[in-house]
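Visitor: Residue numbers (UniProt numbering): 1 to 304.
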């Protein structure tokens, strides 16, 4: 069985992209599975009078039984999610595809969707103009977290304790991007820790607690945080699963903080990293993803 792993980044060799390694190792442990790395910049779409044609690195797009989308993108998501839509139109079976990718990478849309489905979250606001901050301060208060609309790995996140610090950050982001900014209540009792819950399908397969490095509040591994084993309660599992389902994600990393009012979802990641959580837990998550992809193919065969 041929399983494509679709990356939105430029083409890189396995040793340049550690993300590929877990899938390559997992595939070698399984019979009759071939992993095919696919990089979006090498995809060309051509429309003629007859139909849309897809090419990969100047050749016809490779045959794949299923394609797993790894959507690590940090610009406008729709510029990339349209590629997955082309693949779907050509009949490819995709996991974590359009429009899920676009919605999950847009943090504004994500907050609205999670709110719609009554997922517990820290108090939050969306501000579009810096001088409108007074209302937000009255409702949410300090300390608070600022987030840009599109980002990842802890980038574009600011911790703010007072207006003197807040106002210049808002002004700078407004001049630089002109985009709305998300403001989120900082949960002090979490003590700069969060929990990453890894979900495949309708199952929680792994979890770890992440601790921010000294003099930082961002627990993301990409920002220097460190992971450790964490035993989930049924309540945390339930909240994480509901959040992933609300975002319609088959593979998700749900980030949760523990507050005095219970578990709160910070965000849902459609491309959760594998290396750290596999190292911490010893669980072959890449292998579980491949097994899930195989099950999807067989389920499609049964339906047809």
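Every residue gets a Cβ at the ideal spot worked out from N, C-alpha and C, and that includes glycine.
According to DSSP, simplified to helix, strand and coil, what is residue 3?
Guide: In the structure shown, residue 3 sits in a strand (DSSP, three-state: E or B).
Visitor: Roughly how far, in whole angstroms, is the beta-carbon of residue 87 from the beta-carbon of residue 113, given that I think they are within contact range, below 8 Å?
Guide: Going by Cβ atoms, the distance from residue 87 to residue 113 rounds to 23 Å, so no, they are not a contact pair.
Visitor: Put residue 26 into one of helix, strand or coil per three-state DSSP.
Guide: Three-state DSSP puts residue 26 in a helix.
Visitor: Can you list, in chain order, the residues of its chain whose CB lies under 8 Å from that of residue 305, leaving out five sequence neighbours each side?
Guide: Nothing in the structure corresponds to residue 305, since the chain is present only between 1 and 304.
Visitor: Are there 16 or more other CB atoms within 10 angstroms of the CB of residue 14, so buried, or fewer, so exposed?
Guide: The predicted position of residue 14 is uncertain, since its pLDDT is 48 and thus under 50; no value can be drawn from it.
Visitor: On the three-pair Cβ rule with 8 Å, is the region 162-180 touching the region 249-259?
Guide: In short, these stretches do not touch, since the Cβ pair count stays below three.
Visitor: Ordered along the chain, which non-local residues of its own chain (more than five positions away) have a Cβ less than 8 Å from that of residue 205?
Guide: Counting only Cβ-Cβ distances below 8 Å, and skipping sequence neighbours, we find 198, 199, 283, 285 and 288.
Visitor: Give the straight-line distance between the Cα atoms of residue 266 and residue 191, rounded to the nearest whole angstrom.
Guide: Going by the C-alpha atoms only, they are around 14 Å apart.
Visitor: What are the boundary residues of the beta strand (DSSP E) that includes residue 259?
Guide: Here the beta strand (DSSP E) through residue 259 covers 251-259.
Visitor: Taking the straight line between their C-alpha atoms, what separation do you get for residue 31 and residue 2?
Guide: Cα to Cα, residue 31 sits roughly 11 Å from residue 2.
Visitor: Roughly how many whole angstroms lie between the Cα atoms of residue 145 and residue 261?
Guide: Using only the alpha carbons, I get a separation of about 19 Å.
Visitor: Output the distance between the C-alpha atoms of residue 38 and residue 56, rounded to the nearest integer angstrom.
Guide: When rounded, the distance between both Cα atoms is 8 Å.
Visitor: What is the DSSP secondary structure of residue 226, reduced to helix, strand or coil?
Guide: Residue 226 falls in the strand class under three-state DSSP.
Visitor: In whole angstroms, what is the alpha-carbon distance linking residue 89 and residue 235?
Guide: Approximately 39 Å, taken between the alpha carbons.
Visitor: Note the first and the last residue of the continuous beta strand (DSSP E) segment covering residue 267.
Guide: Its beta strand (DSSP E) spans residues 262-269.
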